[in-house]
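What follows is a single structure, written as structure tokens, with notes after it.
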Amino acid sequence: MAEMRQPIECGVPDAKPYMHPTMLKNYGKWVYHSHPKPGVLYHRAESGDEIWTVKAGTQRQMDGYTIRKLADIADQYAEGFVRFTTRSNIEYMVTDEKKVEPLIKALFDSGFPVGGTANSVSMISHTQGFLHCDIPGTDASGVVKALMDDLYEEFIKCEMPNRVKLSTSCCEINCGGQADIAIIMQHTKPPKINHDLVANVCERPTVVARCPVAAIRPALVNGKPSLEVDEKKCICCGACYPPCPPMQINDPEHSKIAIWVGGKNSNARSRPTFHKLVASGLPNNAPRWPEVGEVVKKILNVYKADARPWERMTDWIERIGWPRFFEKTGLPFTKYHIDDWKGHRRTLNASAHIRF
Amino acid sequence: MAEMRQPIECGVPDAKPYMHPTMLKNYGKWVYHSHPKPGVLYHRAESGDEIWTVKAGTQRQMDGYTIRKLADIADQYAEGFVRFTTRSNIEYMVTDEKKVEPLIKALFDSGFPVGGTANSVSMISHTQGFLHCDIPGTDASGVVKALMDDLYEEFIKCEMPNRVKLSTSCCEINCGGQADIAIIMQHTKPPKINHDLVANVCERPTVVARCPVAAIRPALVNGKPSLEVDEKKCICCGACYPPCPPMQINDPEHSKIAIWVGGKNSNARSRPTFHKLVASGLPNNAPRWPEVGEVVKKILNVYKADARPWERMTDWIERIGWPRFFEKTGLPFTKYHIDDWKGHRRTLNASAHIRF
Amino acid sequence: MAKKMHDTPMLDQLESGPWPSFVTGLKRMAKNNDMAVDLLGQLEASYRDLKGYWKGGTVGVFGYGGGVIPRFTELKKDDKPVFPDAAEFHTLRIQPPPGMHYSSKLLRDMSTLWEKHGSGLIAFHGQSGDIMFQGCTTANVQPAFDELNEMGFDMGGAGPALRTSMSCVGAARCEMSCFDEARALRTVINNNLDDMHRPALPYKFKFKFSGCPNDCVNSIQRSDMATIGTWRDNIQVNEKLAKEYFATHGMDKLMTDVVGLCPTKALSVKKISEASKAEGISSVAVNDTHALQIENHNCVRCMHCLNVMPGALLPGKDRGVSILIGGKSVLKIGATMGTMVIPFMKLESDEDYEKLNELARNVIDFFAENALEHERTGEMIDRIGLVNFLDGVGIEVDPNMILEPRSNPYARMDGWDEEVEKWNERQAG
Amino acid sequence: MAKKMHDTPMLDQLESGPWPSFVTGLKRMAKNNDMAVDLLGQLEASYRDLKGYWKGGTVGVFGYGGGVIPRFTELKKDDKPVFPDAAEFHTLRIQPPPGMHYSSKLLRDMSTLWEKHGSGLIAFHGQSGDIMFQGCTTANVQPAFDELNEMGFDMGGAGPALRTSMSCVGAARCEMSCFDEARALRTVINNNLDDMHRPALPYKFKFKFSGCPNDCVNSIQRSDMATIGTWRDNIQVNEKLAKEYFATHGMDKLMTDVVGLCPTKALSVKKISEASKAEGISSVAVNDTHALQIENHNCVRCMHCLNVMPGALLPGKDRGVSILIGGKSVLKIGATMGTMVIPFMKLESDEDYEKLNELARNVIDFFAENALEHERTGEMIDRIGLVNFLDGVGIEVDPNMILEPRSNPYARMDGWDEEVEKWNERQAG
Ligand code: SRM
Ligand code: SRM
Ligand code: SRM
Ligand code: SRM
Ligand code: SF4
Ligand code: SF4
Ligand code: SF4
Ligand code: SF4
Ligand code: SF4
Ligand code: SF4
Ligand code: SF4
Ligand code: SF4
């Protein structure tokens with residue numbers, strides 16, 4: 010083999026060469042913004058410079074045609090620069106207000122919905138799923154596509170009480186993060202162990218250490234070193250699966266989908282919160298997961314109708330109370346909603362505050 | 010020995026024979042109350058019947074003279090009936106408004122301060138201490154007396170933002186309960202074990218089981234079964250002392266007094282809360298514990314000046330924030346204020362909310 | 149004339165100051181009571197040495213296993229008590245009438261009795277609600293109890309037993325009261341006296357009864373089972389009193405002290421013309437133009453607005469109680485509060501009280517069978533999880549039991565469909 | 149022209165509907181890309197079987213220990229891949245410019261490069277912020293990286309390593325920005341590349357940077373060390389914009405949407421004549437008679453009022469950052485959020501940035517030395533207690549770190565006097 014090339018350890022590149030010149034010029038000197046219409050932002054700098062941003066949805070997982078199309082639109086309508094948001098939306102910046110409408114048209118015409126700003130439902134936090142991950146219980150791109158089809162109108166309009174941030178995660182690890190509504194794989198049966206493989210593939214102490222409830226112990230099975238799961242203890246979290254693929258946690262029937270609501274990352278008004286379980290047991294129904302869409306839309310509709318302006322999902326529920334949330338959404342309340350994990354005491358109602 | 014008398018297992022007696030007739034007549038039919046002046050309550054029943062209650066402080070631990078004096082006042086000025094509150098205040102009920110002032114005078118003249126109603130500082134929850142308990146680190150009656158002398162004006166006036174409830178507890182077990190301000194013994198050194206006695210007096214497994222941090226293990230000392238404390242683990246809580254008196258936790262120098270604030274039992278506005286540590290390391294300075302009085306008065310003064318009407322201690326601190334509480338009271342903030350007990354994560358500031 | 153007083157320079161300092169002095173009281177007793185003389189002696193020694201000098205032991209009355217707190221002196225010289233007349237100083241815990249009502253005669257009778265058999269020192273009351281007759285020799289415990297018992301009083305709780313209970317003044321003198329606290333207390337306690345008088349539970353068990361969520365007996369934090377009055381329908385209003393409040397306090401106070409402090413923003417002030425008449429809304433005019441309006445579905449029954457505007461706002465008519473389980477002090481896992489397990493049950497008819505009694509019995513039984521030694525109910529629930537407790541005593545889940553649903557996926561949910569089925573059936577039924 | 153397409157009846161259903169379809173994209177790729185053809189085949193199998201068919205392995209580039217996510221197919225028949233052209237489908241994680249800015253040329257260059265060496269499928273971006281160049285054979289990993297590296301781009305993080313970081317758009321286009329997010333990100337990451345490229349930490353470590361507490365990159369919940377912009381002095385006001393807001397929204401909206409939603413009631417509307425001019429108060433006229441007033445000492449910098457009245461209210465001038473440590477996802481102890489450990493530090497001068505850099509290094513070092521294997525920073529703090537962490541990295545305690553002081557006495561406080569001393573010295577100094 011030829012001598013290998015040493016990497017240039019250059020780290021994070023400077024953004025300046027790729028930044029819209031008006032942003033660069035006014036870096037750190039912005040003083041005002043507004044939302045002229047759905048999908049459009051207006052920012053003004055101390056200098057008086059103005060910039061309009063047009064934001065559009067993408068599929069994140071992009072083929073060359075898509076990427077070039079986006080680049081072409083940038084050159085034709087938007088001064089040659091773009092940026093991506095953390096939610097895989099693309100943003101085009103223009104300094105001339107007159108370019109805004111043609112740009113919007115070009116995007117829609119090319120199949121990129123303009124929206125996702127302000128009090129809309131933005132693009133869903135996207136993970137890997139069947140397309141690339143080694144441990145998924147479901148897909149990501151497909152779930153996102155199916156849901157965004159359902160929520161299209163809410164993306165291109167700004168009719169929600171406040172921003173709505175969704176996430177999906179293809180296993181309980183939850184790479185998608187905490188969200189107003191999170192859709193997450195939830196396993197319901199302990200892993201099935203392929204004992205023939207454990208000895209070859211898995212470092213047993215590592216696997217044992219990963220289990221949050223100490224349900225795994227080393228064992229000899231058919232004379233070979235393997236592992237054993239105390240099925241009474243096991244909470245089916247799947248944490249043993251990444252370090253030990255023979256502990257197959259995914260199951261086409263028993264890996265279900267759960268819906269969580271009220272996660273919030275911003276510090277606006279209330280402190281950040283984790284999302285909470287509201288529904289589970291939904292089937293992993295590829296390719297369009299209609300049962301999931303139903304529940305998500307039900308929750309969004311009630312939120313839209315009932316929350317006050319600027320209330321995020323969690324703020325709204327905090328105000329009306331969980332009993333009312335379950336009543337209004339018609340979602341059943343079960344024993345699984347009652348926490349029993351470490352520290353669960355703080356989630357119990359230790360007061361006479363009740364709602365009727 | 011003669012044959013023993015069998016107890017009549019009569020249980021809780023009926024209150025009717027001992028209840029003021031107007032209360033009995035209007036039982037469950039009251040519709041209104043007000044606070045005509047400090048120490049006086051006015052209640053009106055559906056029937057139109059009225060009752061004035063005059064409330065006075067006592068020392069709880071009563072000698073016969075005191076009891077008879079209180080009974081005499083009842084006969085002379087108050088229709089022969091009294092009741093005690095949970096805080097050992099005595100209440101006289103009269104149906105004739107004209108009797109109120111003479112009754113007040115009689116009480117004051119006999120040394121019983123009239124007050125403790127509405128937004129005053131009520132009598133302190135009283136425990137046993139040196140007078141009767143078998144595990145106290147300090148006294149109760151004396152601490153209460155010294156503090157109530159200090160707070161006398163606040164008892165007979167109603168100048169606080171809301172009711173103020175204090176408690177003192179002569180060991181960390183805290184029989185006095187959660188309070189706006191709680192004064193509690195805090196040990197700072199592990200128990201000194203009298204090994205000669207352990208074998209005779211203590212059931213060792215019981216003692217071992219009591220320790221919240223598993224710091225005790227059975228051990229042989231000088232050939233005799235005894236116990237051993239891992240002093241690195243020990244949090245000096247004293248829980249081992251009641252089941253095993255040879256584990257002497259009380260120490261004249263190292264048993265200190267700690268002050269806790271913001272406990273609340275009512276559900277008014279906020280949910281009930283536990284009190285929180287604000288000061289510790291105060292000397293167990295009998296017979297009048299001046300250092301404790303200082304801190305308590307400092308806190309009360311700031312609360313009085315700064316809280317809004319109807320804010321209990323915890324409501325007020327919740328509004329101004331703990332940083333400001335420490336700033337305004339001048340109490341030092343130390344690493345001991347930061348919780349490290351089970352579930353402590355929920356007490357940490359997991360947000361960007363800060364105050365300057 | 150009793151024996152000579154000991155020097156008590158430290159205690160003497162507690163005779164000054166305006167608050168009633170227990171030292172002065174003890175000294176008065178000591179004039180003709182040797183036990184009091186020696187008690188003062190030992191107490192002074194405690195103050196000087198900063199050390200308690202009592203130890204426990206076993207003392208009781210015939211037929212009962214508990215209720216007496218035995219105290220023997222540990223302050224000895226050459227194995228002999230330094231203060232021999234206070235060498236035994238036991239306490240009898242006696243249950244008072246609920247609400248702690250007394251006639252002057254009863255007070256005098258008790259005092260006289262205790263001067264005869266004991267030291268004369270009585271605490272009204274202990275933190276659990278007992279009358280504590282303090283200072284009795286071992287020999288005198290039985291006669292003292294016999295006499296009290298003949299007067300109609302019974303022993304309270306101590307040790308791993310059902311404990312003496314407390315209820316607030318409630319129905320006797322308080323317009324907030326939502327049930328007959330005294331009746332509930334007597335029903336529950338008097339039906340379970342065996343567990344009080346013959347201690348055989350894993351650990352202590354306390355009931356407390358508050359007529360409303362102001363919780364004047366601290367039941368949530370200080371009892372294993374708290375029964376707290378509440379209501380299901382709309383807050384009742386009284387226009388005359390509302391107008392009186394407004395006339396003396398004005399709009400600013402109404403907004404700041406009442407509306408502004410409602411924890412759920414269920415209150416608002418509306419122009420009378422715009423006041424809602426919808427179901428679930430209480431409205432009361434405060435003057436000719438404005439009304440205070442309550443969104444009862446969002447009211448959490450915290451009591452605040454009723455407290456600030458007494459009489460003008462009153463609990464609804466459909467009254468009952470909430471039940472919370474598991475309050476206790478700090479041992480082992482840190483202080484715990486009771487958890488809401490029954491948001492609402494009626495408490496009016498004989499059957500209602502019988503149901504409360506049955507529930508209480510179920511809870512004690514579950515505790516007796518499932519708690520570890522020296523484990524309180526709250527600790528047990530913390531260990532086994534609320535759901536297992538509910539299952540055990542036969543209570544259905546309700547969202548009012550929690551502040552929020554779980555935020556972790558750490559649960560095995562294979563029974564989801566069944567649980568949904570149960571919920572739907574109950575909602576339909 | 150690539151090989152024949154497989155039947156994909158399930159995936160085909162994802163081509164309808166208005167949202168951009170990744171399936172349509174993959175099919176476009178498949179026209180002249182065998183890897184894409186087979187990827188579609190395997191993906192369809194996953195949809196059908198509800199089963200992932202990838203497994204990991206070890207693939208990397210010369211000189212680095214991480215950054216490539218290897219994927220080998222597990223879908224085999226007779227030990228041979230059913231979809232051989234997608235049997236290897238590795239991902240290169242490449243760090244983007246902070247703020248994710250791109251010129252159209254850069255996008256095209258990247259696309260061309262990846263069509264040459266890989267499948268052509270690029271994700272903008274992964275949840276940690278990487279550009280994910282997905283679908284590469286083992287053989288092509290090195291040449292693909294070399295070319296990207298020559299373009300000025302470097303590998304991101306994977307495995308037990310420092311991970312790729314994210315900062316919000318911030319100073320580039322946002323008036324809320326309180327520091328130079330991109331500079332902070334590049335300072336911290338580029339000074340610690342060794343920990344990114346040669347994974348040797350106990351587990352992953354993530355930094356995230358948000359210009360203000362709106363936290364548009366979810367730093368509190370999704371990074372081990374969050375750097376969030378904030379300010380110490382008074383909120384700045386702009387009367388013209390405040391009046392504009394009021395003119396379009398009116399008093400009701402001002403009261404309900406702004407004043408009513410401030411979490412600490414730090415806002416009020418006052419008559420201008422009565423507006424306070426005290427220290428710590430910001431006041432801005434909203435019309436000729438009324439002013440919005442902010443009690444800055446009680447403002448918790450939540451951003452809400454600034455969000456609702458953009459430009460009319462702006463962060464103060466004395467800007468800097470808060471630092472929170474320990475956010476992570478759900479594994480082992482449940483999700484944790486970062487905990488406030490530095491309420492405020494300036495971030496303006498070169499020295500300030502150097503200080504941030506040092507702090508970051510200290511935190512990584514402490515993590516490296518004290519965390520157990522596969523233990524995140526937040527778990528470690530949960531295990532050892534916040535105070536031990538602070539001690540370890542040399543941060544002084546501050547009441548802003550907690551929501552409330554301890555409510556249990558379970559601590560050994562013999563060092564009380566010393567700690568008080570420390571505090572007093574710091575307050576004086
Ligand atoms: C572009 C982006 C930053 C970036 O570097 O990419 C961004 C940009 C802005 N955010 Fe954000 N936020 C962005 C992700 C977020 C996130 C993170 C996320 O999406 O996962 C959050 C936290 C969400 C959460 O709490 O779970 C976030 C919470 C906010 C908030 C607080 C909202 C609240 O009330 O809780 C504001 C304030 C507001 O709404 O005025 C805000 C405000 C803004 C403003 C108005 C700031 C400004 O003055 O320019 C920007 C308007 C964008 C718009 O589309 O309306 N941004 N913002 C991100 C766009 C993501 C997307 O495509 O949807
Ligand atoms: C690719 C990505 C999802 C995506 O499609 O965007 C991803 C994918 C994986 N994540 Fe993740 N995580 C990704 C962002 C996250 C985030 C979000 C973030 O960084 O802001 C989180 C939550 C924050 C956090 O760090 O906790 C996240 C929390 C995890 C965890 C849980 C860690 C924990 O302590 O709870 C694991 C499991 C582990 O590390 O053992 C994990 C593990 C994984 C693995 C390596 C699965 C595994 O253990 O084998 C996935 C590889 C998929 C693949 O084939 O590419 N991933 N993961 C994201 C990284 C792309 C990028 O570099 O930009
Ligand atoms: C007499 C007593 C009940 C009894 O059965 O003995 C009682 C009686 C009343 N309480 Fe109470 N409370 C009594 C102990 C309590 C306690 C328990 C305690 O003291 O430890 C609490 C809970 C304290 C806590 O939260 O820690 C208590 C919390 C309240 C509250 C709620 C206050 C708040 O805002 O948090 C009210 C409502 C009010 O203030 O209007 C209240 C209201 C009242 C009213 C106004 C009820 C009424 O309409 O009659 C009574 C006025 C008494 C007064 O003196 O002002 N009572 N009240 C108790 C007097 C104790 C004392 O001598 O100080
Ligand atoms: C006498 C009394 C204090 C007073 O002066 O009023 C008291 C005194 C003692 N308490 Fe208490 N407790 C008293 C009310 C309370 C309360 C308040 C209440 O009942 O509302 C509590 C808090 C609520 C609770 O039940 O947790 C209380 C929580 C404790 C605890 C801690 C229990 C826990 O689970 O954390 C202990 C320790 C134990 O039981 O092992 C304890 C133990 C004790 C012992 C028996 C000490 C011991 O273990 O040897 C004390 C006997 C003192 C004596 O010589 O009389 N005492 N104790 C109160 C009982 C008088 C009465 O019967 O009316
Ligand atoms: S959520 Fe799970 S399955 Fe999905 S990308 Fe992350 S680790 Fe993989
Ligand atoms: S699935 Fe989770 S709980 Fe069950 S054995 Fe694996 S790691 Fe343990
Ligand atoms: S607080 Fe402690 S010392 Fe005081 S009475 Fe209760 S158990 Fe005894
Ligand atoms: S004092 Fe507390 S922590 Fe120390 S050994 Fe005794 S029980 Fe354990
Ligand atoms: S708890 Fe309620 S009903 Fe009972 S006395 Fe207090 S305020 Fe009245
Ligand atoms: S009782 Fe109801 S309406 Fe009144 S303040 Fe409390 S929650 Fe609000
Ligand atoms: S975090 Fe703050 S500064 Fe950064 S983009 Fe969001 S709003 Fe702007
Ligand atoms: S930024 Fe400050 S003043 Fe504004 S809403 Fe938040 S806490 Fe209130």
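Residue numbers (the numbering used here), protein chains in the order written: chain H, 10 to 365; chain D, 10 to 365; chain A, 149 to 577; chain W, 149 to 577.
Note that CB positions come from ideal geometry on N, CA and C, so glycine has one too.
Closer than 8 angstroms at the beta carbon, the chain D residues around residue i
i, result
"S477/A", "I182, N183, C184, G186"
"R334/A", "G20, V21, D23"
Contact set between residue i and chain H, taken where Cβ atoms lie within less than 7 angstroms
i, result
"D328/W", "G37"
Proximal chain H residues relative to residue i, where beta-carbon distance stays under 8 angstroms
i, result
"M493/A", "Going along chain H, no residue has its Cβ under 8 angstroms from M493/A, so there is no contact; the nearest lies around 12 angstroms."
Residue i versus residue j - alpha carbon distance
i, j, result
"A414/A", "N455/W", "26 angstroms"
"L551/A", "E327/D", "18 angstroms"
"I144/H", "M183/W", "21 angstroms"
"A423/W", "H284/D", "36 angstroms"
Residue i: first and last residue of the uninterrupted alpha helix (DSSP H) it sits in
i, result
"Y501/W", "498-518"
"T75/D", "73-86"
"I529/W", "525-532"
"A314/H", "299-315"
"E573/W", "564-576"
Limits of the beta strand (DSSP E) - the one that residue i falls within
i, result
"G290/H", "285-291"
"E237/D", "233-238"
"V153/D", "Note, V153/D: premise wrong, no beta strand (DSSP E); alpha helix (DSSP H) at 150-159."
Just list the beta strand (DSSP E) runs in the region 402-466 of chain W, keeping only unbroken ones of 3 residues or longer that don't cross its boundaries, in chain order.
415-419, 429-433, 438-443
May I have a chain-ordered list of the beta strand (DSSP E) segments no shorter than 3 residues that lie completely inside the region 215-294 of chain W?
239-242, 249-251, 269-272, 279-282
Completely contained beta strand (DSSP E) runs for the region 88-129 of chain H, where each covers 3 or more residues
90-93, 99-103
4-residue-minimum alpha helix (DSSP H) runs that sit fully inside the region 186-249 of chain D, ordered along the chain:
DSSP runs (the alpha helix (DSSP H)) wholly in the region 186-249 of chain D: 204-210, 213-219.
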